[in-house]
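Be aware that the sequence shown starts at 1, since it is given in the numbering used here, and climbs by one per residue. We put the CB at the ideal spot given by N, CA and C, even for glycine.
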Amino acid sequence: MPSLMRVLLFVSLLFCPIPVLSSSGPEDKESNLHIRPRTDLPPGYSSPDYYPTPNGGWVSEWADAYAKAQKVVSQMTLAEKVNITSGTGYFMGPCVGNTGSALRFGIPNLCLQDGPLGIRNTDHNTAFPAGITTGATFDKELMYARGVALGQEARGKGINVQMGPVVGPLGRKPRSGRIWEGFGADPSLQAIGAAKTIQGMQSVGVIATLKHFIGNEQEMYRMTDVFQQGYSSNIDDRTLHEIYLWPFAEGVRAGVGSVMAAYNDVNGTACTQNSKLLNDLLKDELGFQGFVVSDWYAQIGGVSSALAGLDMAMPGDGAVPLLGDSFWNYELSTAILNGTVPVERLNDMATRIVATWYKMGQDKEYPLPNFSTNTQDATGPLYPGALFSPTGVVNQFVNVQADHNVVARAVARDAITLLKNVDNTLPLKRNASLKIFGADAGPNPDGLNSCSDQGCDKGVLTMGWGSGSARLPYLITPQDAIRNVSSNAQFYISDSFPSGISAGPNDIAVVFINADSGENYITVEGNPGDRLVAGLYSWHNGDELVQAAAKKFSTVVVVVHTVGPIILENWIDLPSVKAVLFAHLPGQEAGDSLVDVLFGDYSPSGHLPYTIPYKESDYPASVSLIDQPFGQIQDTYTERIYIDYRHFLQANITPRYPFGHGLSYTTFNFSEASLSTITPLTQYPPSRPPKGPTPTYNNTIPPASEVAWPKDFNRIWRYLYPYLDNPEAATSTAPYPYPTGYTTTPQPPPRAGGSQGGNPALWDVAFNVSVKVSNTGSRPGRAVAQLYVELPASTLGVDLPPLQLRQFEKTAILPPGGSQVLTLSVTRKDLSIWDVVAQDWKAPVNGQGVKFWIGESVADLKVVCEVGGQCRRV
Numbered sequence: 001m002p003s004l005m006r007v008l009l010f011v012s013l014l015f016c017p018i019p020v021l022s023s024s025g026p027e028d029k030e031s032n033l034h035i036r037p038r039t040d041l042p043p044g045y046s047s048p049d050y051y052p053t054p055n056g057g058w059v060s061e062w063a064d065a066y067a068k069a070q071k072v073v074s075q076m077t078l079a080e081k082v083n084i085t086s087g088t089g090y091f092m093g094p095c096v097g098n099t100g101s102a103l104r105f106g107i108p109n110l111c112l113q114d115g116p117l118g119i120r121n122t123d124h125n126t127a128f129p130a131g132i133t134t135g136a137t138f139d140k141e142l143m144y145a146r147g148v149a150l151g152q153e154a155r156g157k158g159i160n161v162q163m164g165p166v167v168g169p170l171g172r173k174p175r176s177g178r179i180w181e182g183f184g185a186d187p188s189l190q191a192i193g194a195a196k197t198i199q200g201m202q203s204v205g206v207i208a209t210l211k212h213f214i215g216n217e218q219e220m221y222r223m224t225d226v227f228q229q230g231y232s233s234n235i236d237d238r239t240l241h242e243i244y245l246w247p248f249a250e251g252v253r254a255g256v257g258s259v260m261a262a263y264n265d266v267n268g269t270a271c272t273q274n275s276k277l278l279n280d281l282l283k284d285e286l287g288f289q290g291f292v293v294s295d296w297y298a299q300i301g302g303v304s305s306a307l308a309g310l311d312m313a314m315p316g317d318g319a320v321p322l323l324g325d326s327f328w329n330y331e332l333s334t335a336i337l338n339g340t341v342p343v344e345r346l347n348d349m350a351t352r353i354v355a356t357w358y359k360m361g362q363d364k365e366y367p368l369p370n371f372s373t374n375t376q377d378a379t380g381p382l383y384p385g386a387l388f389s390p391t392g393v394v395n396q397f398v399n400v401q402a403d404h405n406v407v408a409r410a411v412a413r414d415a416i417t418l419l420k421n422v423d424n425t426l427p428l429k430r431n432a433s434l435k436i437f438g439a440d441a442g443p444n445p446d447g448l449n450s451c452s453d454q455g456c457d458k459g460v461l462t463m464g465w466g467s468g469s470a471r472l473p474y475l476i477t478p479q480d481a482i483r484n485v486s487s488n489a490q491f492y493i494s495d496s497f498p499s500g501i502s503a504g505p506n507d508i509a510v511v512f513i514n515a516d517s518g519e520n521y522i523t524v525e526g527n528p529g530d531r532l533v534a535g536l537y538s539w540h541n542g543d544e545l546v547q548a549a550a551k552k553f554s555t556v557v558v559v560v561h562t563v564g565p566i567i568l569e570n571w572i573d574l575p576s577v578k579a580v581l582f583a584h585l586p587g588q589e590a591g592d593s594l595v596d597v598l599f600g601d602y603s604p605s606g607h608l609p610y611t612i613p614y615k616e617s618d619y620p621a622s623v624s625l626i627d628q629p630f631g632q633i634q635d636t637y638t639e640r641i642y643i644d645y646r647h648f649l650q651a652n653i654t655p656r657y658p659f660g661h662g663l664s665y666t667t668f669n670f671s672e673a674s675l676s677t678i679t680p681l682t683q684y685p686p687s688r689p690p691k692g693p694t695p696t697y698n699n700t701i702p703p704a705s706e707v708a709w710p711k712d713f714n715r716i717w718r719y720l721y722p723y724l725d726n727p728e729a730a731t732s733t734a735p736y737p738y739p740t741g742y743t744t745t746p747q748p749p750p751r752a753g754g755s756q757g758g759n760p761a762l763w764d765v766a767f768n769v770s771v772k773v774s775n776t777g778s779r780p781g782r783a784v785a786q787l788y789v790e791l792p793a794s795t796l797g798v799d800l801p802p803l804q805l806r807q808f809e810k811t812a813i814l815p816p817g818g819s820q821v822l823t824l825s826v827t828r829k830d831l832s833i834w835d836v837v838a839q840d841w842k843a844p845v846n847g848q849g850v851k852f853w854i855g856e857s858v859a860d861l862k863v864v865c866e867v868g869g870q871c872r873r874v
């Protein structure tokens, strides 16, 4: 979402000429940065109209919450309904987003706040490891525990809606700026990580927000505003279902309370007013019962977005903030009075919001916000966006950290991924003679949190930049942690290799390098969010630093903090580079979590949540960044379902390190595998259950007086209200140009729907695969069993990747000689493809032809089980 920087840019250029948004223009030549030219919307890609919005409340798990909401909404005035759907404006409250209230019913201004790894722009909070780090743990229990801790901190600060987790971007583009916010470049890994996080967050009453829906796979040119039209992600139906919609379906199944609509277009229509996405796929097919909120300034129309299924507009301003303009608020009141938006649609919007509030128990002693996202001062303006604002206490400095550092350290530690370890160089002995190189080992020389939203790359890289960041309450750097356990370490906290340094035969060089990225309202070292300049190489001449150390020292250990895959070829095969650790983005416990592994208190147990290639051209050309500043970019997903390891397998390209790769200080054996059938598979799921009842209301247009200004009302300048100066004048209008397919007649229930996430039968367990994992080495350690399915392409009648991750389980810490039996459950959906003709999930009957592969990475498979056959070691 935009920051103050972008807002000020809007305002400063308000009276400048605005470029015309066109659909075509001159082409750019291909460059060595993989920048592709823009083209017109290709044939075959469109977003069919789907109206009206399905009403919420028909899923049994939400029945009680909707019953409570119905009693409240049926008594609300027009002003109260509009008030809770609309943001009050940028800088018009303590949180990054604030709705209006309905105080007669105990509903306060709802506080919406970033973000996915901790509370943004506050104090006494925990800066957890990022999503990509959490995904690298392959540990469901840690995913859940981190979600609980995130929720506890949000609740402690009085946040109603915490904006996370992230599953879009999914990681289609390795240089995309925000892939680090999600859990990895695989839909199942993203789905499991998101579901566990949502369950954890919402277990304490916080409303989680799953984002960004959908196709937000590049930072540059994502937004439609007065200067540009956001790019169009052009995605075919099968790819959308099998890859990008997959983790959203799991999040909805987990009961997520909110979904955020993305900035970009999909198939030529903006996500915030794309009725195919919001009304059809999300609310009908997936049975989403919560509310859809816009990303900040992603709403580009009032009536259009309401009809398409948007339920809450954030932050409430129109195209240009801080002018008092809005697409909703008083404009939505007008649209209701003149009939352009049906009262039924507003009733459903309000009911979805109120029902979610009840569903999470926020009507029961839920705290109000006790912090300000706008300032770190104790007192200040209550509405800093207003020229004149009342003042008061804005920050109470409530400490919500508890013992969450324990969870943060565990996640960071168990995510550390050992890529290479020649001659058992690691773990290091505490008395080893160490020389530590690289600014990434030390602190930010300008001070902790000196860069707004972490918008710089100085010191150890703990997270990327942007709205997905959080302030560090403290930082344990690798330099601090190594110094605490070693008295024989010398530090050279610089990205330039020092001249004149001597290296004895027993000296070990530990070199720290990193690669950063973030959200595109901040440009760091020429990178506008996406890694445009740096590409997939390390920052600050990291390759040269490793090469220089490798020339001097006979043993070099490289530690990498990175937002995603980087190219390692300049140094990975140098003889003296004996060990490589990927520590990902560790958050505040960067140093201690690393030392836990570096010196052998724990064996590394992380696994790569993406593929590392030999060279960038090993990826499909279509997943490159697109840099075209004028007109609408058409980003067509011609690689379809073949992203990350699916592509490498299909194209028969050997990567440097495969998806799921991760070594240990010990070794593991997989044995005694068995396959059991739980639910026999039919070709298609059984018929979906019917929808339950939804709340009913009087849907006649209310009296215009309900949005008249209250008498003696104390207005805040530029604060956004639902009231009209002359409400009677809003009751008539010229005919409104509705979309071609607009209708108020409900659509037939989609065949693939039936409950939260889709047809409940999709989650019937079809097979259980059990395997015994034994520690055959000399050190304690944890193993991850990754289950990949091989589906019969000839039976299903479509092309398929050779292997697809569908499940994983992680052992406890196994002592040498210890073992544990892991059971991995595979559902009907895990074995299905999306049938674009039937519009349903199609599986091989009784699982015939399916193979289950289990191993420690997609390229290190230990056991295979065939349906109708035996399990055997590979």
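Are the CB atoms of residue i and residue j nearer to each other than 8 Å?
{"i": "Q683", "j": "A843", "result": "yes"}
{"i": "F227", "j": "A262", "result": "no"}
{"i": "T462", "j": "A127", "result": "yes"}
{"i": "P247", "j": "L585", "result": "no"}
{"i": "H124", "j": "P473", "result": "yes"}
{"i": "L475", "j": "L448", "result": "yes"}
{"i": "G564", "j": "Y614", "result": "no"}
{"i": "A550", "j": "L574", "result": "yes"}
{"i": "N83", "j": "P722", "result": "yes"}
{"i": "V784", "j": "H607", "result": "yes"}
{"i": "A270", "j": "G316", "result": "no"}
{"i": "W465", "j": "E519", "result": "yes"}
{"i": "V559", "j": "A583", "result": "yes"}
{"i": "K157", "j": "V406", "result": "no"}
{"i": "A704", "j": "L332", "result": "no"}
{"i": "N234", "j": "D635", "result": "yes"}
{"i": "I566", "j": "A515", "result": "yes"}
For residue i, count the other beta carbons within 10 Å of its own beta carbon; 16 or more makes it buried, fewer makes it exposed. Which is it?
{"i": "W717", "result": "exposed"}
{"i": "P26", "result": "A caution first: P26 carries a pLDDT of 26, below 50, which makes its placement in the model unreliable, though a value can still be read off. Exposed, since its Cβ has fewer than 16 Cβ neighbours within 10 Å."}
{"i": "G106", "result": "exposed"}
{"i": "T88", "result": "buried"}
{"i": "V577", "result": "buried"}
{"i": "K29", "result": "The predicted position of K29 is uncertain, since its pLDDT is 27 and thus under 50; no value can be drawn from it."}
{"i": "L322", "result": "buried"}
{"i": "G392", "result": "exposed"}
What residue does the beta strand (DSSP E) around residue i start on, and which one ends it?
{"i": "S774", "result": "765-775"}
{"i": "A579", "result": "577-582"}
Check each candidate in the options and name the one with the smallest Cα separation from residue i.
{"i": "W62", "options": "E344, F291, I179", "result": "F291"}
{"i": "A752", "options": "T744, T745, L762, T743", "result": "L762"}
{"i": "S487", "options": "N527, W465, K429", "result": "K429"}
{"i": "F808", "options": "I522, Y788, T827", "result": "Y788"}
{"i": "P816", "options": "T666, Y736, T823, L803", "result": "T666"}
{"i": "K359", "options": "S452, N264, Y66", "result": "Y66"}
{"i": "E217", "options": "G177, V252, Q202, M201", "result": "G177"}
{"i": "S603", "options": "L418, M220, I207", "result": "L418"}
Over the uninterrupted alpha helix (DSSP H) stretch that includes residue i, give me the two end residues.
{"i": "I132", "result": "131-137"}
{"i": "P247", "result": "246-253"}
{"i": "N484", "result": "478-485"}
{"i": "A261", "result": "Looking at the DSSP string, A261 is not in any alpha helix (DSSP H); the run it does join, the beta strand (DSSP E), is 258-261."}
Does at least one heavy atom of the ligand ZN sit under 7 Å from the Cβ of residue i?
{"i": "P315", "result": "Of ligands this structure carries none, so the ligand ZN is not represented either."}
Taking 8 Å as the cut-off, does the segment 488-499 touch the segment 439-454 (at least 3 CB pairs, one atom from each stretch)? Short answer: they touch.
Taking 8 Å as the threshold, find out whether the segment 534-545 comes into contact with the segment 178-191 through three or more Cβ pairs. Verdict: no, contact absent.
Whether or not the segment 152-160 and the segment 502-510 are in contact is what I'm after, with contact meaning three or more pairs of Cβ atoms, one per stretch, closer than 8 Å; do they touch? no
With three or more beta-carbon pairs closer than 8 Å as the criterion, would you say the segment 159-168 touches the segment 526-534? no
Taking contact to mean 3 or more Cβ pairs, one atom from each stretch, closer than 8 Å, check whether the segment 138-145 and the segment 92-110 are in contact. no
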